[in-house]
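Here the structure is laid out as structure tokens; the discussion comes afterwards.
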Amino acid sequence: MTLTLTTAGESHGPALVAIVEGIPAGLGLDRTAIDADLHRRQQGYGRSPRQQLERDEVEVLAGLRHGRTLGTPLAILVRNRDHANWAWGMSPWPPRGGATGKGTKPVTLPRPGHADLPGAMKYGFDDVRDALERASARHTAVVVAAGAVAKTLLAEVGVHVEGRAVEIGGADVGEAGRSAIDAAREDRDTLGGIVEVRAHGVPPGLGSYATRAERLDARVGAALLGIQAVKGVEIGDGFALARMRGSEAHDEIVRDERGLARRTNRAGGIEGGVSNGEAIVARIGMKPLPTLMRPLDSVDLATGEPAQALVERSDVAAVEALAVVAESAVAFELARAAREKFGGDSMDDFRAAHRLYLERVDWVPR
Ligand code: EPS
Numbered sequence: 286m287t288l289t290l291t292t293a294g295e296s297h298g299p300a301l302v303a304i305v306e307g308i309p310a311g312l313g314l315d316r317t318a319i320d321a322d323l324h325r326r327q328q329g330y331g332r333s334p335r336q337q338l339e340r341d342e343v344e345v346l347a348g349l350r351h352g353r354t355l356g357t358p359l360a361i362l363v364r365n366r367d368h369a370n371w372a373w374g375m376s377p378w379p380p381r382g383g384a385t386g387k388g389t390k391p392v393t394l395p396r397p398g399h400a401d402l403p404g405a406m407k408y409g410f411d412d413v414r415d416a417l418e419r420a421s422a423r424h425t426a427v428v429v430a431a432g433a434v435a436k437t438l439l440a441e442v443g444v445h446v447e448g449r450a451v452e453i454g455g456a457d458v459g460e461a462g463r464s465a466i467d468a469a470r471e472d473r474d475t476l477g478g479i480v481e482v483r484a485h486g487v488p489p490g491l492g493s494y495a496t497r498a499e500r501l502d503a504r505v506g507a508a509l510l511g512i513q514a515v516k517g518v519e520i521g522d523g524f525a526l527a528r529m530r531g532s533e534a535h536d537e538i539v540r541d542e543r544g545l546a547r548r549t550n551r552a553g554g555i556e557g558g559v560s561n562g563e564a565i566v567a568r569i570g571m572k573p574l575p576t577l578m579r580p581l582d583s584v585d586l587a588t589g590e591p592a593q594a595l596v597e598r599s600d601v602a603a604v605e606a607l608a609v610v611a612e613s614a615v616a617f618e619l620a621r622a623a624r625e626k627f628g629g630d631s632m633d634d635f636r637a638a639h640r641l642y643l644e645r646v647d648w649v650p651r
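With the first letter of the sequence shown counted as 1, position 102 gets the number 387 in the numbering used here; the numbers rise by one all the way through.
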């Protein structure tokens, strides 16, 4: 049994949707917990005025009855409130009446750093909006809703995932990060940053060294690189390991009263593509957001002439939002690996397989 996530939705379309398949029957979901994560994703210093328009809330259309999963596909929806301003421009069907609201004129000024130009070239679009709407990080709202479901599943087997912003624009989060954002906003510029995700309670044995598709580090890496604006990933000490000797780099094995453990965790909880019982640690680098209020050079695709890129309402930074999205993406991937390992149709089956496995391995979560 595995877990899959399929999403659809454009940034200013009517809604974002997700279908999660593979959740066992009998998992209790808490709407307020899912909404709390959606709210966390909307927070953070430097976010755009769009966040005052959106009040993200989860709606469940299928797969849940009286707050418990049915073991059938779970259909989740998060509406885009801003769609009211784009009803003509983003109408799924040919719009009726005269053009009103936003998105009525074709976008022909691609932004360096966004999917605008490669997307328009790939699909043969004359209006870059046909590419940018889906490429937008607005999509991450529904990833967070699905991640909240995955976190609920993981909590049943004692796994907890947490993402946090570490750096914004090269400054530490907190006062320095906020000043960096203020300075960038003043210069009509944008910032990126670094986020760390940690997962505790992950038992040894998730993922496998057997194939690339099963390697847990490759899977966590792909889940993180699949988030908009993420350009780099490291697991554990990552690139720093490349500058160490083997004697300094590896995590020595010890046995204490709680079972087998490690003196250090430079591997970030994964060896040979398999979780080793230590905390899973991943760090990601986010590029500065590509929509600049002081636009970069571009070319007008309608005329072929040099021009300035599209200027749209933008966040100055979204690193704190990324921390929530990255937490969700890692949680989903770990939940998928846990479903593969422990299987079961009902939550009782899933929990029982986990309990039995822990009796076999010489490991206690710490
Ligand atoms: C985004 C552009 C901005 C961001 C958006 C991601 O949207 P808009 O063009 O409507 O101002 O605000 O992020 C969100 C709406 C969100 O909820 O995170 C982009 O191009 O990626």
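Ideal Cβ placement from N, Cα and C applies to all residues, glycine included. None of these values were measured; they are calculated from a predicted model.
*With distances taken between CB atoms, is the gap from Ala552 to Asp541 smaller than 8 Å?*
The answer is no: Cβ separation not under 8 Å.
*For Met632, which of helix, strand or coil comes out of DSSP?*
helix
*When you compare only the Cα positions, how much space is there between Ala422 and Gln513?*
When the Cα atoms are used, Ala422 and Gln513 turn out to be separated by approximately 6 Å.
*Would you mind sorting Phe524 into buried or exposed? The rule is 16 or more other CB atoms within 10 Å of its CB.*
exposed
*Could you tell me which residues DSSP pairs with Arg350 in its beta bridges?*
Arg353
_Asn365 versus Pro580: straight-line alpha-carbon distance, rounded_ = 26 Å
_Nearest-angstrom Cα separation, counted from Ala420 out to Leu359_ = About 24 Å.
_Glu344 burial status per 10 Å Cβ neighbour count (16 or more: buried)_ = exposed
*Contact check, Ala564 vs Gly554, beta carbons under 8 Å*: yes
*If you draw a straight line from the C-alpha of Ile453 to the C-alpha of Met571, how long is it?*
9 Å
*In three-state DSSP terms, what is Met406?*
helix
*Throw me the rounded Cβ distance for the Asp585 and Leu394 pair, which I believe falls under 8 Å.*
6 Å
*asked:* Could you check whether the Cβ of Ala602 sits closer than 7 Å to any heavy atom belonging to the ligand EPS?
replied: Flag unset: Cβ of Ala602 not near the ligand EPS.
*Got a sec, what are the start and stop residues for the alpha helix (DSSP H) Gly531 sits in?*
It spans 531-534 - the alpha helix (DSSP H) in which Gly531 sits, taken as one unbroken run.
*Given a cut-off of 8 Å, decide if Arg326 and Ala498 are closer than it, judged by their beta-carbon atoms.*
no
*What are the boundary residues of the alpha helix (DSSP H) that includes Val429?*
425-440
*Identify every run of the beta strand (DSSP E) within the stretch 487-559, keeping only runs that are complete inside it and at least 3 residues long; order them along the chain.*
Complete beta strand (DSSP E) runs here, min 3: 515-520, 538-541, 544-547.
*asked:* Can you tell me whether Asp415 sits near the ligand EPS, meaning its C-beta is under 7 Å from at least one heavy atom of the ligand?
replied: no
*asked:* Which of the three DSSP states is assigned to Leu362 in this structure?
replied: The answer is strand: DSSP assigns Leu362 an E or B state.
*Buried or exposed: where does Trp371 fall if 16 or more other Cβ atoms within 10 Å of its Cβ makes it buried?*
buried
*So, are the CB atoms of Thr389 and Trp373 less than 8 Å apart?*
yes
*Hey, Leu349 and Ala616: beta-carbon distance below 8 Å or not?*
Against a cut-off of 8 Å, the Cβ pair of Ala616 and Leu349 comes out as no contact.
*With distances taken Cα to Cα, identify the nearest neighbour of Ala546 among Ala614, Glu447, Val646.*
Val646
*Can you check DSSP and say which residues form a bridge with Val345?*
Ile361
*Any idea if Asp472 is buried or exposed, counting beta-carbon neighbours within 10 angstroms, 16 or more meaning buried?*
exposed
_Measuring only from the beta carbon, is Asp412 closer than 7 Å to any heavy atom that is part of the ligand EPS?_
no
*To which residues of the same chain is Gly477 closer than 6 Å at the C-beta, ignoring the five residues directly before and after it?*
Met571, Lys572, Pro573
*Could you check where the alpha helix (DSSP H) with Leu290 kicks off and where it finishes?*
Per DSSP, Leu290 belongs to no alpha helix (DSSP H); it is in the beta strand (DSSP E), 289-293.
*Using a C-beta cutoff of 8 Å, does Gly490 count as contacting chain D?*
Annotation note: the requested chain D is absent from the structure, which comprises a single protein chain.
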